[in-house]
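> Supplied in structure tokens, the structure appears directly below.
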Amino acid sequence: MSTDAAPPFVDEHATTAAAPPDRVWAALEQYADRVLAHAAGGTVARLLGTDPPGGFGVAVREPGRRLALDGRHRFSRYRLELVLDDAPTGGTRIRARTLAAFPGVSGQVYRTLVIRSRLHVLAVRRMLARVRAAAERPPEP
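Last residue of the sequence shown: 251 in our numbering, with the numbers rising by one and none dropped.
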């Protein structure tokens, strides 16, 4: 999808981790790797016809700053941009920006099921909380 024009903006969510950017970046990469590996070949991915098979592929990787994941399936094409910034109060701000297109009637039904039902919001907030918690965990000796 990285060669296509970016899909329309859907929403943005953010959290602040009490950790330096390098620890947040490491936690973010570990989370993305784990999710992509787990989703590949899963039932939902097969039903939706995700491309790539894990649902997302890395489109942009700017270490310590930005990770953009692209994907598509029968009902949507999408991008999840994860951006790290210095938080004004200290720590690292993690922003998750979603862009997606939902073509046709089937796409609009899917949008209603996932976006308007707030399932997407819950999933993104859970992802941000997990990345934050992993970054804030003391490093193992």
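Think of the CB as a built atom: it goes at the ideal place given N, C-alpha and C, for glycine as much as any other residue.
These numbers were taken from a predicted model, which means no experiment stands behind them.
(1) Compute the beta-carbon to beta-carbon distance between ALA127 and THR202, rounded to the nearest angstrom, for a pair I have assumed lies under 8 Å.
(2) Identify whether GLU246 lies in helix, strand or coil by the three-state DSSP scheme.
(3) Going by beta-carbon coordinates alone, are ALA244 and ALA137 separated by less than 8 Å?
(4) Under the three-state reduction of DSSP, which class applies to ARG226: helix, strand or coil?
(5) At the level of alpha carbons, what is the spacing between HIS230 and ALA155?
(6) Would you kindly work out how many angstroms separate the C-alpha atoms of PRO117 and ALA178, rounded to a whole number?
(7) With distances taken between CB atoms, is the gap from SER216 to PHE185 smaller than 8 Å?
(8) Can you tell me the Cβ-Cβ gap for ARG187 and ALA211, rounded? I've got them flagged as a contact below 8 Å.
(9) Where does SER216 fall in DSSP's three states?
For this structure:
(1) The pair is a contact, with the Cβ atoms about 5 Å apart (cut-off 8 Å).
(2) Here GLU246 carries a helix assignment [DSSP, helix/strand/coil].
(3) Yes, Cβ-Cβ distance for ALA244 and ALA137 is below 8 Å.
(4) Correct three-state label for ARG226: helix.
(5) Roughly 16 Å separates the two Cα atoms.
(6) Cα-Cα distance, rounded: 13 Å.
(7) A contact, by the Cβ cut-off of 8 Å.
(8) For ARG187 against ALA211, the beta-carbon gap comes to about 5 Å, under 8 Å, which counts as contact.
(9) Here SER216 sits in helix by DSSP.
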